[in-house]
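> Quick mapping for you: the protein sequence lines, in order, are chains A and B.
Take 1 as the starting number for the first sequence in the working numbering and just add one per residue.
Take 1 as the starting number for the second sequence in the working numbering and just add one per residue.
Here a beta-carbon is modelled for each residue, glycine too, at the ideal position from N, C-alpha and C.
Just dropping this structure here.
Number of protein chains: 2
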Amino acid sequence: MQYPEPIARLIDSYMKLPGIGSKTAERLAFYTLDMDNDDVTAFSQALVAAKRDIHYCSICGNITASDPCAVCRDKTRDQDQVIVVEQPKDVMALEKMNEYHGLYHVLHGVLSPIDGKGPEDINIRSLVTRLQQNEQIKEVILATNATPEGEATAMYIARLVKPAGIKVTRLAHGLAVGSDIEYADEMTLFKALEGRQEL
Amino acid sequence: MQYPEPIARLIDSYMKLPGIGSKTAERLAFYTLDMDNDDVTAFSQALVAAKRDIHYCSICGNITASDPCAVCRDKTRDQDQVIVVEQPKDVMALEKMNEYHGLYHVLHGVLSPIDGKGPEDINIRSLVTRLQQNEQIKEVILATNATPEGEATAMYIARLVKPAGIKVTRLAHGLAVGSDIEYADEMTLFKALEGRQEL
């Protein structure tokens with residue numbers, strides 16, 4: 001005996017999502033049956049609409065419903081700084097800060113030789129072209145994650161961009177605000193010591 | 001700055017699912033953007049189809065695409081036994097065993113005074129009607145879960161059904177096959193001792 005086909009197919013679809021196994025997929029499918037009709041319809045339409053209407057900005061690579069994206073179109077933003085991030089989510093995190101008013105460049109990944117990911121597999125070439133074509137940009141701020149891959153990617157981009165005479169900086173590493181020294185890992189403590197500043 | 005509307009709406013939809021918070025919803029939404037077009041379309045259609053085409057069997061309460069369900073329609077199954085379960089998933093688990101060929105009755109919940117769930121809120125009345133109308137049924141096997149609510153629900157149904165002269169049984173409780181006594185909880189051990197059988 002198997003589940004009726006409509007529910008079996010829904011379970012299959014849920015199982016295609018990352019981190020969702022067969023048991024969770026079953027639970028989500030049964031939950032769907034009990035959801036409001038309107039919510040299910042909205043969900044169904046949102047899936048297709050996101051896939052159809054979301055594109056990557058041809059300038060910075062961030063996700064957008066219109067090309068170029070809102071940030072790249074906004075000429076009131078500082079045109080001389082570009083923050084390079086791994087993912088669109090990172091742009092959101094930095095924007096929430098409300099302190100940065102420059103531009104972005106989204107790599108969509110990091111260099112990772114183990115996974116066979118080289119410079120051609122992430123959005124690096126378009127960054128170089130952008131810097132060559134846009135002489136307003138004076139500083140590239142590398143904001144890849146503080147992981148080995150993120151560090152390596154930052155180093156790679158720095159070596160690529162510096163010879164063109166553009167200032168290249170990296171976000172500071174150190175103790176998170178509100179965190180305890182007691183619980184900080186060794187690498188973080190080392191980076192915090194290394195980057196200490198005179199008061 | 002906010003996410004472009006198509007992705008924001010998809011994140012909202014994912015967040016309506018149980019156990020999925022805003023971070024996971026974001027992750028799933030971005031994953032959706034990278035999925036095959038065909039998979040997203042299939043997912044979208046499966047949501048609507050499941051909601052539209054899945055109904056509850058008017059006889060047993062199990063989910064089905066056609067009423068009555070496949071089990072209730074199948075006259076080759078034993079018509080004298082009914083297993084009472086909490087959820088459609090429980091029917092699937094029992095069918096996988098391939099040893100039971102009788103009928104089912106799905107309660108869609110358990111009695112739970114704390115949550116304000118009484119006999120009227122689960123599928124008990126239809127069970128009583130079914131037993132009154134169908135004199136072929138000789139045994140009701142209670143297979144609600146081995147939780148306090150499951151036990152209470154089993155007791156309630158037993159008291160309701162027994163006076164009609166129908167045999168009422170409950171699935172055995174005891175050690176799971178392949179499990180260690182060392183790790184069994186006290187209630188399970190007590191039930192296993194209580195239900196010991198002569199060899």
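Please decide whether L33(B) counts as near chain E, where near means a Cβ-Cβ distance under 9 Å.
The chain inventory of the structure shown lacks chain E, comprising the protein chains A and B.
> Using the beta-carbon of each residue, which ones in chain B are nearer than 7 Å to D121(A)?
Within 7 Å Cβ-Cβ: nothing; D121(A) doesn't reach chain B, min ~13 Å.
> Label I59(A) either buried or exposed according to how many other C-beta atoms from any shown protein chain fall within 10 Å of its C-beta, with 16 as the threshold for buried.
Under this definition I59(A) is a buried residue.
> Starting from V84(A), trace the alpha helix (DSSP H) in both directions and tell me its first and last residue.
V84(A) -> not in any alpha helix (DSSP H); beta strand (DSSP E) instead, spanning Q81 to V85.
> Less than 8 Å between the CB of T41(B) and some heavy atom of the ligand NAP, yes or no?
Among the components modelled here there is no ligand, and therefore nothing to report on the ligand NAP.
> Flag L47(A) as yes if its beta-carbon sits less than 9 Å from any beta-carbon of chain B, otherwise no.
Yes, because at least one Cβ of chain B sits closer than 9 Å to the Cβ of L47(A).
> Q45(A) to R52(B), Cα distance in whole Å?
Computed Cα separation, rounded: 15 Å.
> In the DSSP assignment, find the beta strand (DSSP E) that holds V177(A) and state where it starts and stops.
Counting along the chain, V177(A) falls outside any beta strand (DSSP E), and DSSP gives it neither H nor E.
> Using a Cβ distance threshold of 8 Å, determine whether the region 65-79 of chain A contacts the region 26-46 of chain A, with at least three qualifying pairs required.
No, they do not touch.
> Could you tell me the boundaries of the alpha helix (DSSP H) in which Y156(A) lies?
Y156(A) -> alpha helix (DSSP H) spans P148 to V161.
> V82(B) and V140(B): beta carbons closer than 9 Å?
Yes, the pair counts as a contact, with Cβ atoms nearer than the cut-off.
> Does any residue of chain A have a CB that is nearer than 9 Å to the CB of D12(B)?
With 9 Å as the cut-off, D12(B) counts as an interface residue toward chain A.
> Report yes or no: is there a C-beta of chain A within less than 9 Å of the C-beta of A176(B)?
Not an interface residue.
> Whose C-beta lies closer than 6 Å to the C-beta of C69(B) among residues of the same chain, with five residues either side of it excluded?
Counting only Cβ-Cβ distances below 6 Å, and skipping sequence neighbours, we find C57 and N62.
> Can you find a CB in chain A that lies within less than 9 Å of the CB of I54(B)?
With 9 Å as the cut-off, I54(B) counts as an interface residue toward chain A.
> Rounded to whole angstroms, what is the Cα-Cα separation between R159(A) and N37(A)?
Cα-Cα distance, rounded: 55 Å.
> From the DSSP output, in three-state form, read off V110(B) for me.
Reduced to three states, the DSSP call for V110(B) is coil.
> For a contact defined as C-beta to C-beta under 9 Å, what are the partners of A65(B) on chain A?
Neighbours of A65(B) on chain A, chain order: P4, E5, P6 and I7.
> Provide the residue span of the alpha helix (DSSP H) that contains T169(B), from first to last.
T169(B) -> not in any alpha helix (DSSP H); beta strand (DSSP E) instead, spanning K167 to R170.
> I believe E26(A) touches K89(B) by the beta-carbon criterion, under 8 Å. Please report the beta-carbon distance rounded to the nearest angstrom.
E26(A) to K89(B), Cβ: 6 Å. Contact.
> Measuring only the C-alpha atoms, how far is E99(A) from D185(A)?
Going by the C-alpha atoms only, they are around 28 Å apart.
> Of the residues M187(A), L47(A), G150(A) and F190(A), which one's Cα is nearest the Cα of I122(A)?
Measuring from the Cα of I122(A), the nearest candidate turns out to be G150(A).
> Is it buried or exposed for L201(A), if we count other Cβ within 10 angstroms and need 16 for buried?
Any property of residue 201(A) remains undetermined from this structure, which presents chain A solely from 1 to 199.
> Where does I141(A) sit, in a helix, a strand or coil, going by DSSP?
Of the three classes helix, strand and coil, the one that applies to I141(A) here is strand, per DSSP.
> Going by CA-CA distance only, name the one from H55(A), I54(A) and T32(A) that's closest to L47(B).
That would be T32(A), whose Cα lies nearest to the Cα of L47(B).
> Locate the alpha helix (DSSP H) running through Y280(A), then write down its first and last residues.
There is no way to answer for residue 280(A), as the model of chain A reaches only from 1 to 199.
> Against chain A, does Q87(B) count as a neighbour if the rule is that its beta carbon must be under 9 Å from one of theirs?
For Q87(B), the answer is yes, since a Cβ of chain A falls inside 9 Å of its Cβ.
> Using a Cβ-Cβ distance under 9 Å, would T41(A) count as near chain B?
With 9 Å as the cut-off, T41(A) counts as an interface residue toward chain B.
> With distances taken from CA atoms, which of K75(A), G109(A), L189(A) and D34(A) is nearest H101(A)?
For H101(A), the nearest C-alpha among the options comes from K75(A).
> Determine, using beta carbons only, whether F190(A) comes closer than 9 Å to chain B.
For F190(A), the answer is no, since every Cβ of chain B falls outside 9 Å of its Cβ.
> Going straight from the alpha carbon of Y156(B) to that of P119(B), what length do you get?
If I take the Cα positions, the gap works out to 9 Å.
> Leaving out five residues on either side along the sequence, give the residues of the same chain with a beta carbon under 7 Å from the beta carbon of S126(B).
Correct list, in chain order: G61.
> Looking at chain A, is there any beta carbon in it that lies within less than 9 Å of the beta carbon of C69(B)?
Yes - at least one Cβ of chain A is within 9 Å of the one on C69(B).
> Applying the 10 Å Cβ sphere with the 16-neighbour rule, what's the burial state of E135(A)?
The residue is exposed, with fewer than 16 neighbouring Cβ atoms inside 10 Å.
> For the candidate residues I137(B), A152(B), P6(B) and I54(B), whose alpha-carbon lies nearest to that of R9(A)?
Nearest C-alpha to R9(A): I54(B).
> Determine, for K204(A), whether the minimum Cβ-Cβ distance to residues of chain B falls below 9 Å.
Residue 204(A) lies beyond the residue range present for chain A, which begins at 1 and ends at 199; the question has no answer from this structure.
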